[in-house]
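Heads up: the structure comes next, in structure tokens.
There are 2 protein chains.
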Amino acid sequence: MRDSDTPMIRSLPLFHDMADDSFEELVRGAYVQSFPPMVELLVEGDGSDFLYIVVDGTVELVAGWNDSETTMTVLREGSTFILAAVIREAPNLMSARTLEKSKVIMLPAEDVRRVFAKDHAFARAVVRELAFCYRGVIKCVKGLKLRTSLERLANYLLKWQKKLGGDTRFTLTVEKRRLASILGMTPENLSRAIKALRPYGVVITGLNVEITKPDDLKSLAKPTPLIDDPRS
Amino acid sequence: MRDSDTPMIRSLPLFHDMADDSFEELVRGAYVQSFPPMVELLVEGDGSDFLYIVVDGTVELVAGWNDSETTMTVLREGSTFILAAVIREAPNLMSARTLEKSKVIMLPAEDVRRVFAKDHAFARAVVRELAFCYRGVIKCVKGLKLRTSLERLANYLLKWQKKLGGDTRFTLTVEKRRLASILGMTPENLSRAIKALRPYGVVITGLNVEITKPDDLKSLAKPTPLIDDPRS
DNA sequence: TTTTTCGTTTGACATATATCAATGACGAGC
DNA sequence: GCTCGTCATTGATATATGTCAAACGAAAAA
Chain B
8 MRDSDTPMIR SLPLFHDMAD DSFEELVRGA YVQSFPPMVE LLVEGDGSDF LYIVVDGTVE
68 LVAGWNDSET TMTVLREGST FILAAVIREA PNLMSARTLE KSKVIMLPAE DVRRVFAKDH
128 AFARAVVREL AFCYRGVIKC VKGLKLRTSL ERLANYLLKW QKKLGGDTRF TLTVEKRRLA
188 SILGMTPENL SRAIKALRPY GVVITGLNVE ITKPDDLKSL AKPTPLIDDP RS
Chain H
8 MRDSDTPMIR SLPLFHDMAD DSFEELVRGA YVQSFPPMVE LLVEGDGSDF LYIVVDGTVE
68 LVAGWNDSET TMTVLREGST FILAAVIREA PNLMSARTLE KSKVIMLPAE DVRRVFAKDH
128 AFARAVVREL AFCYRGVIKC VKGLKLRTSL ERLANYLLKW QKKLGGDTRF TLTVEKRRLA
188 SILGMTPENL SRAIKALRPY GVVITGLNVE ITKPDDLKSL AKPTPLIDDP RS
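In order, the protein sequence lines correspond to chains B and H.
Every number in this note's numbering is 7 more than the matching position in the first sequence, counting from 1.
Every number in this note's numbering is 7 more than the matching position in the second sequence, counting from 1.
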């Protein structure tokens with residue numbers, strides 16, 4: 008890999024506090040690769056030979072069963088994935104594919120485990136990262152079990168409005184059928200849900216969202232940090 | 008706490024490999040408490056002052072939203088809980104309550120974090136534990152998003168049959184309305200789902216389960232280790 | 001033993017969500 | 001500018017699941 012990529016990795020929480028020589032050791036065997044859209048980076052059920060880091064673009068994690076599949080999450084710059092599988096030397100529970108042209112760094116799993124075993128700061132960072140991911144998935148389960156798809160959509164919109172600066176107007180970062188899958192519904196149902204949010208001041212045309220009555224929408228969505236706050 | 012409890016803790020994967028003095032430090036400030044059934048051990052949204060370990064009995068983790076609640080999981084001897092919240096010093100995402108008379112060990116969160124910061128072996132064990140929990144929740148999401156409630160029930164039965172020794176007959180370990188909540192359905196719906204499994208050789212009377220046509224049931228359930236195998 | 005309580009089951013019904021088919025809208029490539 | 005393909009939308013319908021009320025049954029309390 009090129010030296011120009013290392014500062015970006017180094018600045019990630021996962022690698023920030025580790026010893027220099029440990030970092031060297033990790034980076035030495037790393038690959039940087041650019042992929043076109045819709046490339047399968049790894050397949051559910053396979054072993055995990057690398058820890059992945061998204062440098063640029065977007066990568067989706069999908070899970071399949073019985074001829075159908077669902078989007079678990081969409082990752083962007085700075086995200087790592089299949090950390091848990093690498094640590095436990097277990098098969099991937101999800102497939103990963105690029106959505107856009109994307110650049111990813113691949114750290115050989117062996118290296119990660121070796122450095123993890125000897126560098127305490129790195130081990131601590133892995134813990135914090137995993138704890139973060141764990142809590143993210145727990146929130147996801149809570150949404151699925153406690154909310155209807157309409158409520159999940161309403162909260163999704165509020166969450167992204169905040170994430171993108173809080174403006175009245177903003178743009179969705181994924182296409183609608185993928186959004187439907189993320190929220191655990193069909194594209195048709197999403198279409199109807201969007202219509203159903205109109206009385207609450209939501210207008211969506213294409214990927215453009217406008218929220219004219221945020222209070223009304225919030226009274227429907229009833230957001231709570233214990234489900235909807237990505238950090239914490 | 009009494010010395011008689013320490014060997015059990017020490018034998019758990021989380022504490023097995025850590026240094027003796029670190030273990031001493033953890034155990035020194037620990038509390039052991041016995042609670043009657045249905046005692047709220049901690050409340051969703053509160054800060055986490057302790058890391059909990061179930062020594063005996065059963066504890067359920069529940070999450071609530073908008074006046075309804077759902078059972079996230081039921082824990083038994085040897086399980087730890089709210090590890091992620093303790094590590095991140097973040098509010099609990101779930102409440103915990105005893106189901107039966109239960110004995111739990113409470114390790115002050117401060118101690119856990121301090122030992123975690125200095126003992127590399129403990130940090131590594133925490134990583135393994137968190138990675139394990141993370142993968143468990145991912146499997147849960149996959150089940151919720153990819154399967155119907157009937158399929159979830161079928162797989163639940165097969166999973167517990169195996170876990171309890173593989174016998175044709177076995178006994179459910181939770182009451183039905185809690186099972187319904189675990190599976191993400193209503194008690195009424197569970198009742199009907201149980202009836203719907205009759206053609207597949209499932210007879211449930213009270214908490215007793217009999218599976219007479221395992222192959223038929225499996226052809227409906229289509230179990231996969233990537234969702235249904237708790238280890239790995 | 002009787003009574004009470006609580007969990008389960010059942011039926012009738014309402015709602016949520018998925019499916020299928022058709023149409024419409026938009027962008028990529030020619 | 002056209003054509004094709006893909007995604008989004010709409011309507012009709014089917015299925016899955018939830019809700020409410022009542023009846024039932026087993027375990028705990030009197």
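A virtual CB, placed ideally from N, CA and C, is assigned to each residue, including glycine.
Worksheet entry | H:Leu-58 - containing beta strand (DSSP E), residue span | Secondary structure note for H:Leu-58: its beta strand (DSSP E) is the uninterrupted segment 57-63.
Worksheet item: Whole-angstrom Cβ separation of B:Ala-128 and B:Met-25, contact assumed at under 8 Å?
Response: 5 Å
Worksheet entry | Proximity below 7 Å, CB of H:Pro-115 to CB of H:Gly-54 | no
Worksheet item: Can you name the start and end residues of the beta strand (DSSP E) that B:Thr-78 belongs to?
Response: Residues 75-82.
Discussion item. Please report the straight-line C-alpha distance between B:Lys-169 and B:Glu-182, rounded to a whole angstrom.
Written reply: 19 Å
Worksheet item: Are H:Val-34 and H:Thr-13 closer than 7 Å when you measure CB to CB?
Response: Yes, they are a contact pair.
Discussion item. Does chain H have any CB closer than 7 Å to the CB of B:Ser-86?
Written reply: no
Worksheet item: Counting pairs of Cβ atoms below 8 Å between the stretch 206-221 of chain B and the stretch 178-197 of chain B, do you hit three or more?
Response: yes
Worksheet item: For the stretch 197-230 of chain B, which residues have a CB atom closer than 7 Å to at least one CB atom of chain H, in sequence order?
Response: Lys-229
Worksheet item: How is the beta strand (DSSP E) around H:Leu-48 delimited, first residue to last?
Response: 47-49
Practice prompt. Going by DSSP, name the residue or residues bridged to H:Thr-105.
Written response: Residue pairing of H:Thr-105 in beta bridges, as defined by DSSP: H:Val-66.
Discussion item. Counting C-beta neighbours from all protein chains within 10 Å, is the total for B:Lys-149 16 or more, i.e. buried, or is it exposed?
Written reply: That one is buried.
Item to complete: Going by CA-CA distance only, name the one from B:Ile-89, B:Lys-146 and B:Gly-173 that's closest to B:Arg-104.
Response: Each of B:Ile-89, B:Lys-146 and B:Gly-173 was checked against the Cα of B:Arg-104, and the nearest Cα belongs to B:Ile-89.
Worksheet item: Among B:Ser-86, B:Glu-195 and B:Lys-220, which one has its Cα closest to the Cα of B:Gly-156?
Response: With the sequence shown as reference, residue 156 of chain B is identified as Ser, and Gly is not the correct amino acid for it. Out of B:Ser-86, B:Glu-195 and B:Lys-220, B:Glu-195 has the C-alpha closest to the C-alpha of B:Ser-156.
Worksheet item: Is H:Val-34 helix, strand or coil when you go by DSSP?
Response: helix
Worksheet item: Listed from N- to C-terminal order along the chain, which residues in the stretch 119-134 of chain H have their beta-carbon within a distance smaller than 9 Å of any beta-carbon of chain B?
Response: Phe-123, Ala-124, Lys-125, Asp-126, His-127, Ala-130, Arg-131, Val-133 and Val-134
Item to complete: Run the CB neighbour count on B:Gly-191, radius 10 Å, all protein chains shown included, and call it buried at 16 or more, exposed below.
Response: buried
Practice prompt. Identify the contact partners of H:Met-79 in chain B, using a Cβ-Cβ distance below 9 Å as the criterion.
Written response: Ile-145, Val-148, Lys-149 and Lys-152
Fill in: Where the stretch 91-106 of chain H meets chain B: residues whose CB sits under 8 Å from a CB there
Ala-91, Ala-92, Ile-94, Arg-95, Ala-97, Pro-98, Leu-100 and Met-101
Practice prompt. Starting from H:Val-133, follow the beta strand (DSSP E) in both directions and report where the run begins and ends.
Written response: From DSSP, H:Val-133 is part of no beta strand (DSSP E) but of the alpha helix (DSSP H) over 127-153.
Discussion item. Less than 7 Å between the beta carbons of H:Leu-100 and B:Leu-233, yes or no?
Written reply: yes
Fill in: Within chain B, partners of H:Tyr-7 - CB distance below 8 Å
Because chain H is modelled from 8 through 239, residue 7 of chain H falls outside the range shown and cannot be assessed.
Worksheet item: Between H:Lys-146 and H:Asp-235, what straight-line distance do the alpha-carbon atoms span, to the nearest angstrom?
Response: 7 Å
Fill in: Rounded C-alpha distance that separates H:Asp-174 from H:Thr-80
24 Å
Discussion item. Using a Cβ-Cβ distance cut-off of 7 Å, determine whether B:Trp-167 contacts chain H.
Written reply: no
Worksheet item: What residues are listed by DSSP as bridge partners for B:Ser-239?
Response: Answer is none; B:Ser-239 lacks a bridge partner.
Worksheet entry | Cβ neighbours of B:Arg-184 in the same chain (closer than 6 Å, five flanking residues each side left out) | Shown here for B:Arg-184: same chain residues with a beta carbon closer than 6 Å to its own, the five before and five after excluded, namely Pro-194 in chain order.
Worksheet item: In whole angstroms, what is the alpha-carbon distance linking B:Lys-152 and H:Arg-154?
Response: 13 Å
Item to complete: Keeping to the same chain, check which residues put their C-beta closer than 8 Å to that of H:Leu-19; ignore five residues upstream and five downstream.
Response: Ile-60, Gly-85 and Thr-87
Worksheet item: Can you find a C-beta in chain B that's less than 7 Å from the C-beta of H:Gly-54?
Response: no
Practice prompt. Would you mind sorting H:Glu-136 into buried or exposed? The rule is 16 or more other CB atoms within 10 Å of its CB.
Written response: buried
Discussion item. List, from N- to C-terminal side, the beta strand (DSSP E) runs of 3 residues or more that fit wholly inside the stretch 170-204 of chain H.
Written reply: 176-178
Worksheet item: Which two residues bound the contiguous beta strand (DSSP E) that contains H:Ile-218?
Response: Per DSSP, H:Ile-218 belongs to the beta strand (DSSP E) from 215-218.
Worksheet item: Can you tell me where the beta strand (DSSP E) with H:Ile-211 in it begins and where it stops?
Response: 209-212
Fill in: The alpha helix (DSSP H) enclosing B:Pro-230, as first and last residue numbers
Here B:Pro-230 belongs to no alpha helix (DSSP H), and DSSP marks it neither H nor E.
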